[in-house]
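For reference, each letter of the sequence shown is one residue, going 4 to 1195 in my numbering.
Presented below is the structure to which this report refers.
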Amino acid sequence: VRPDDYARFVSVLVYLPRDRYSTSVRHAIERELIASFLGETIDYTARVSESVLARLHFIVRVPKGQRLPDIDVEDLELRVEHATRSWDDDLVDHLVDAFGEQRAAHLAKLYDRAFPESYKQDFDARAAVVDLGHIDSLVAPGDLALSLYEPFGASAGQRRFKVLSAEQAISLSVALPILARLGAEVVDERPYCVQRHDGMDIWIHDFGFSLPADQPGVSADLDARFQDAFRAVWSGRAESDGFNALVLVAGITWREAAILRTYARYLRQTGTTYSQEYIEQAVSAQSTIATDLVQLFHTRFDPSQHLDRVRAQEEIEQRIVTALDLVPSLDFDRIIRTMLALIKATERTNWYQRNVEGHHREHLSIKLDPARVVGLPLPLPHHEIWVCSPRVEGVHLRFGSVARGGLRWSDRREDFRTEILGLVKAQTVKNAVIVPTGAKGGFVVKQPPPESDGKQAMAREALACYTSFVEGLLDITDNRVGAEVVPPVDVVRHDEDDSYLVVAADKGTASFSDTANAIALRYGFWLGDAFASGGSEGYDHKAMGITARGAWESVKAHFRLRGVDTTQKDFTVVGIGDMSGDVFGNAMLLSPHIRLVAAFDHRHVFIDPTPDAEPSFVERQRLFALSGSSWADYDASLISDGGGVFPRTAKSVTITAPMRHALGMAESVTQMTPAELIRALLQAPVDLLFNGGIGTYVKARTESHLQVGDKANDALRIDGEQLRCAVVAEGGNLGMTQAGRIEAARSGVLLNTDAIDNSAGVDTSDHEVNIKILLDAAVRDSDLTAKQRHDLLHAVTDEVATMVLRDNIRQNQLLQISSAQAGLMIGVHRRLVAHWEETLHLDRVVEGLPDDMGFAELAAGGMGLTTPELSVLSAHAKISLTRELLATTVPDEAWSGDWLAAYFPETMRQRFSDRLTRHALHREIVAMAVANDMVNRGGISFEFRAREETSADAAALARAAVVAIGVFGLNELWQQLADSADEVPMDAQLAMHLDIRRLLDRATRWFLQNRSVQIDVTAEVQRFAPIVSELAEVTADLIKGGEYARYRARADELIALGAPSPLAERVAILLDLFAALDIAQVAEATGTPVLTTAQVYFDVADSYGIDELLTRVTGLSRDDHWEATARFALRSDVYTALAGLTQRVLSSTDASLLAHQRIEAWEASAAEAIERTRTALAEVAASADHDDHEVS
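Right, here's the structure in full:
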């Protein structure tokens, strides 16, 4: 520093490292020199050479008359040094202060000149050190660090939010909506790129936004909550929607916001008219209530809280209700009240659970009691689990504690619960033949990969979503350890023990069973690989062809009614499906006499107008064996003239003359679109329409396509009355609406329902599950190795299939007998439906059953219910009786062991007989087996009529029916009929089954009426069976007069229908053999030999025309309860009177006399009374029209 001698200026030389010199540094020095010397102007010259130093020469001029100040040069030197320090110099100093010299040296090198000038201008080095702390957490590309802060001097509600990202800048089109939905009003964004020396670029996005300062959420912990919420949405752990605003406006966390989102999503699936956005607005507008809703959830389910939950919930609920009174919007009020009801109806949740890594579940599961939720679509499930996450949503509906059904991958994101509810209704009916009642689950993939990623990517995402869904179900399901039920960890339960959860494959999940079982094993779930049937360690339904074989039993039964043997005679078929499919492919190989005229799937239409049965059968075999085959693989040379395979993408199809003839088209038809052609296929005049595909193709004329709920097939669907086929078989689910089936049946088509036709699949799976439960217990006790268990399971495959198909056969017999009697039973069915409506809350509309007027119209027209309607009734009869029996001691009684054993294959009965009663579901198996047999054998209304007439309970009725079956050897007789099914025409079969059913009816009522205490099943069978067996050999020789004539006429009628003579005569005598019960009692009471008692009994019956009287009683009306009761009482009185007369004769006459002599001797002692009786009986017999009063 050299001042001018005249004090006009000062000359200053400044030396600094060359690489530190810049214009900004020069300006800083100039400012410091002017300030120090009070200068007016300053000039400079700069010299930058190869030297390591740069030299600056400044001339600082002061105003005239002003003296140069005295300057401490060393102090000036320090101030210039400070003024010339770079932002990077400050950064180094702050790094040393923050991290120490060693760490600071590394960071200084890594971040040397890394920060852009724009950042340096906006932030000082101290702020950079804070950001470096966040940057240090970024390891891999895409990693994110966040910092919400309040700038110095900012006004209320103003915040800035830094998003730091490794390697790539974040997309503003993604980030801005997230911030907006978090309730932040973004006003600006400043991006900076920090270029580190290790090659990694760090992007810093600094957002400026304003927050609503008066909201509860803007509190001390806002920074953490806001950052957690943004990170959760960005990483995909949370969804980006209006519920996230609750983090700000209600002061809750993003996981708590997810609770309300979960209920809202469920509410949308129940069919509410409110949109997702509107529900978000309603909840966000009432932030205090939203907070209370979350608090209510915590109070109900937080396992760490130890308080009076009931009282605490009541207090919170009262606050919510009080606050709702101030809500001005009726819609908002309704939405929040519904949310409140849903939380109160929730029984369990996994919200508090953590995985093995200690992280919360990514999915939220809630278990609901649907009965406590007002306005849910009918029918109401017994249990419901809802699983929700950003990746997947799923629902599982169960109609009982022990229930099973498939899990499907649904493509109906907006209403998949409606789809599942429709399916579970059919599943419940289908499950009437197995232990569990109906269940069904479904899930949707919410974030499908782009189509360009290929099908494999989609399959992987679907499997991941399925995995999350299954985990969500198991999270809140109880486990079993031995006989003990173990609740899931961190789950507060508001319901009873609930440990039975079994799933199965369904649409889109056919290959997922092993995954489900692996999850169950990982969870330690007690069912192990029995959790999901059909896996690699289970029965392969396609290899067994079991579903198709079950449906084919319906086909054979329908064709027998038409007098056609499908094993001997060719018949024409139109099919829905292709040969690669399980059900369709297997079904089309079940008879070499199939003439497949046409078929279609989602890809092709196949038409073979005049097929040759034998070569086409061989070709179908080839396609079935060809992996992934389609109709396009069919050998074109084997297709008859005029046929072909046509892609459904074709613009039109040329219709040939052979096609017109085969499909029954008008001659004028020459071109059709594929959709029109498929409609023509469905209306083809063929013998059989077999549905083995997916979709609903037949509705009723009174239904709209919208009501059907299968938009994809609207263009193909026809009405039931348009069907021209003779028979329909439904190997696939929901191929027709119930109303469509009824309409088709009224038009003369023979059909059941899908639940009847394809029940063999669930029946097989149920056997698999229960066999595994039995075998797994043996493995746990070291009585069996895992390999032996596997080998034994598969060794009984054929026997399981035989048992399953037997169920299909019996169900078809039940329906065909019921259909034959439908007109006569219309009054009984009307009362039965009304009874279930009152006691079981059956919904006629949901089940497709007539109302009272509909029943009256059927009765007036002499018509009955159709087979599809009878199918529904049969299922409900079995379901209701099973439930009632399960609540009694019947499953625990000694005689029920035979029914339990009969459920399992013979090998297992013998080897594990001591384990059967220890089976976890032994009671359910017995209840199901007894109920099914009672309904299959006794008829749909068997239980209802018996209880209506005798007031017996379900347990007493079951015991009486089992005794009746055992005493009369009905199982052996039924087996004889089954063995002769292929030889005996269906009309004869049905007639004989009906006669056996009449005996079962009367014998069951006899035991109910004559046993005032609980029936000892074993003792009663041992007491009566030998007597019945003895009399069965001679009854035909003992009956006389009208009784014999009736017997002989019935036997001849059965023979004429095609029954073998011995079998016809054995069945025809059954009603007379019923008297053996009274005969046995009279013989015991009088000490008379059974044969002698029988001779007198039948002579008395002949002498007094008892058979004629009983015929008149049978003809009495039973349209209402009182008529039915009176009819039963009259029949009972007649039999009682006959037994009483027989006992008097035997007690008052000489035992050495012949039967007719004893009667004559007795009559002589009471001639006048007997004559009056004969006169009265003659008057009844002579009357053409009579009622119960006259007969009585």
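For glycine and all other residues, C-beta sits at the position ideal for the given N, C-alpha and C.
Which same chain residues, not among the five before or five after residue i, have their C-beta less than 6 Å away from its C-beta?
i, result
"Asn811", "Gly553, Glu556, Ala763"
"Lys370", "Glu350, Arg351, Ile388, Ile479"
"Ala442", "Arg401, Ala406, Arg407, Gly408"
"Arg23", "none"
"Tyr269", "Trp389"
On a CA-only basis, which of the options is nearest residue i? Give me that one, please.
i, options, result
"Met591", "Leu692, Arg682, Gly511, Pro650", "Leu692"
"His30", "Leu71, Ser52, Thr87, Arg21", "Thr87"
"Pro931", "Gln284, Leu889, Ser25, Arg496", "Looking at the sequence shown, residue 931 is not Pro but Met. Of the candidates Gln284, Leu889, Ser25, Arg496, the one whose C-alpha sits nearest the C-alpha of Met931 is Leu889."
"Ala38", "Asp1105, Ser176, Pro72, Ser1168", "Pro72"
"Gly274", "Phe562, Leu599, Arg1026, Thr341", "Thr341"
"Tyr18", "Ile882, Tyr195, Phe61, Ile1072", "Phe61"
"Asp717", "Val488, Pro688, Arg682, Thr48", "Arg682"
"His497", "Ala57, Val987, Gln1012, Phe304", "Phe304"
"Val28", "His85, Gly68, Gly527", "His85"
Do you know offhand how far residue i's Cα is from residue j's?
i, j, result
"Glu617", "Met662", "20 Å"
"Trp1165", "His1159", "10 Å"
"Phe515", "Phe472", "12 Å"
"Asp7", "Gly156", "46 Å"
"Val15", "Arg5", "6 Å"
"His363", "Gly145", "22 Å"
"Ser238", "Pro490", "32 Å"
"His793", "Tyr542", "11 Å"
"Arg483", "Leu477", "12 Å"
"Ala344", "Ser307", "24 Å"
"Asp1191", "Phe945", "Unreliable placement is indicated for Asp1191, whose pLDDT of 49 sits below 50; the coordinate value is still reported in the next sentence. The straight-line gap from Cα to Cα measures roughly 22 Å."
"Asp784", "Pro894", "25 Å"
"Asp936", "Trp257", "55 Å"
"Gln430", "Gln978", "29 Å"
"Leu530", "Arg950", "38 Å"
"Ala1187", "Leu997", "Unreliable positioning characterises Ala1187 in this predicted model, as indicated by a pLDDT of 45, which lies under 50. The coordinate reading is nonetheless provided below. So the two alpha carbons sit approximately 26 Å from each other."
"Gly578", "Ile721", "15 Å"
What does residue i pair with, by DSSP beta-bridge criteria?
i, result
"Gly68", "For Gly68, which the question treats as bridged, DSSP gives no partner whatsoever."
"Thr832", "Sequence check: residue 832 is His here, not Thr. The partner list for His832 (beta bridge, DSSP) is empty, contrary to what the question assumes."
Short check: CB of residue i to CB of residue j, under 8 Å?
i, j, result
"Val505", "Val772", "yes"
"Val752", "Leu726", "yes"
"Ile292", "Ile339", "yes"
"Gln289", "Phe335", "yes"
"Ala130", "Leu185", "no"
"Leu167", "Leu151", "no"
"Asn434", "Val765", "yes"
"Phe971", "Leu1002", "yes"
"Leu524", "Asp532", "yes"
"Ile597", "Val567", "no"
"Leu641", "Ser619", "yes"
"Leu195", "Ile181", "Going by the sequence as given, residue 195 is Tyr instead of Leu. Not closer than 8 Å, so no."
"Ala1078", "Tyr1100", "yes"
"Val1070", "Glu1033", "no"
"Val1103", "Val1148", "yes"
Leaving out the 5 sequence neighbours to the left and right, which residues in its chain are closer than 8 Å to residue i when beta-carbon positions are compared?
i, result
"Gln298", "Ile319"
"Ser899", "Val893, Val929, Val933"
"Leu919", "Leu777, Gly900, Leu903, Ala904, Phe907, Arg912, His925"
"Arg199", "Leu113, Tyr114, Ala117, Ile205"
"Ala669", "Arg663"
Of all the CB atoms in chain D, is at least one closer than 8 Å to the CB of residue i?
i, result
"Glu860", "In the structure shown, chain D cannot be found, because there is only a single protein chain."
Give every residue of the same chain whose Cβ lies closer than 7 Å to the Cβ of residue i, excluding the five residues on either side of it in the sequence, and list them in chain order.
i, result
"Thr870", "Ala748, Leu754, Asn755, Leu818, Ser822"
"Val966", "Phe1010, Ile1018, Val1020, Glu1023, Val1024"
"Ile522", "Thr470, Val473, Glu474, Leu477"
Verify the contact flag: residue i, CB atom, against every heavy atom of the ligand MG, threshold strictly below 7 Å.
i, result
"Phe210", "Among the ligands in the structure shown, none appear at all, so the ligand MG cannot be discussed."
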